[in-house]
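In what follows, a single structure is set out as structure tokens and then discussed.
Numbering (the numbering used here), first residue to last: 360 to 564.
See below:
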């Protein structure tokens, strides 16, 4: 998302919603990372892309590219790439690692589905495997609003936490036990952001 589109989108969201970005100072702008976030709405990829200067890529179900061509072009512009349901997990992981190595952020929603009540689920270990295989840092993110859906002037907050360095979540053999531990650390960081317990959220945009 180029600078003009980024600022225009932020302004539009501030007009329509009671919108806040927090913890933007925690975002390194010179290296690709795994952006790991809770999942609340179809707008989540756009929300996470707004403050990023490096290009952002995220997975989207293949069906979204097969209907409205204008919508398909729009999400492609935002960095979406199609994922076929039932495709092997390793293919998705390999594609994500390649994207990270090309210096593009990869957005991952470890829960795998949207939360209707705002509570953060347990998540899946794919995020841990992608982080481990790519050697990328992980930026935990939290998207917060009340209710199941966004409405006009809903309070909408996007929080970015402290980066989890790759060195702190490295694994030796990617065993289920190791991946579960990494996944748990990432999900705990997301949960703290959503529940408002992150101590280093200071600046608001």
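All residues carry an ideal CB built from backbone N, CA and C; glycine is no exception. Quantities reported herein were computed from a predicted structural model and do not represent experimental measurements.
For residue j and residue i, the rounded distance between their alpha carbons
i, j, result
"residue 417", "residue 510", "24 Å"
"residue 518", "residue 382", "6 Å"
"residue 475", "residue 534", "32 Å"
"residue 373", "residue 364", "14 Å"
"residue 554", "residue 467", "19 Å"
"residue 380", "residue 516", "6 Å"
"residue 484", "residue 471", "11 Å"
"residue 551", "residue 524", "17 Å"
"residue 376", "residue 434", "21 Å"
"residue 389", "residue 477", "31 Å"
"residue 464", "residue 491", "15 Å"
"residue 520", "residue 543", "16 Å"
"residue 512", "residue 432", "28 Å"
"residue 529", "residue 537", "9 Å"
"residue 506", "residue 403", "15 Å"
"residue 502", "residue 455", "22 Å"
"residue 413", "residue 426", "29 Å"
Assumed close pair residue i, residue j - CB separation to whole angstroms, cut-off 8 Å
i, j, result
"residue 499", "residue 548", "4 Å"
"residue 473", "residue 400", "7 Å"
"residue 392", "residue 522", "7 Å"
"residue 546", "residue 481", "7 Å"
"residue 421", "residue 442", "6 Å"
Residue i - DSSP class collapsed to helix/strand/coil
i, result
"residue 531", "coil"
"residue 374", "helix"
"residue 394", "strand"
"residue 495", "coil"
"residue 504", "coil"
"residue 404", "helix"
"residue 619", "With the chain running from 360 to 564 in the structure shown, residue 619 is simply not present."
"residue 433", "helix"
"residue 386", "coil"
Residue burial classification, residue i (beta-carbon count within 10 angstroms, cutoff 16)
i, result
"residue 430", "exposed"
"residue 487", "buried"
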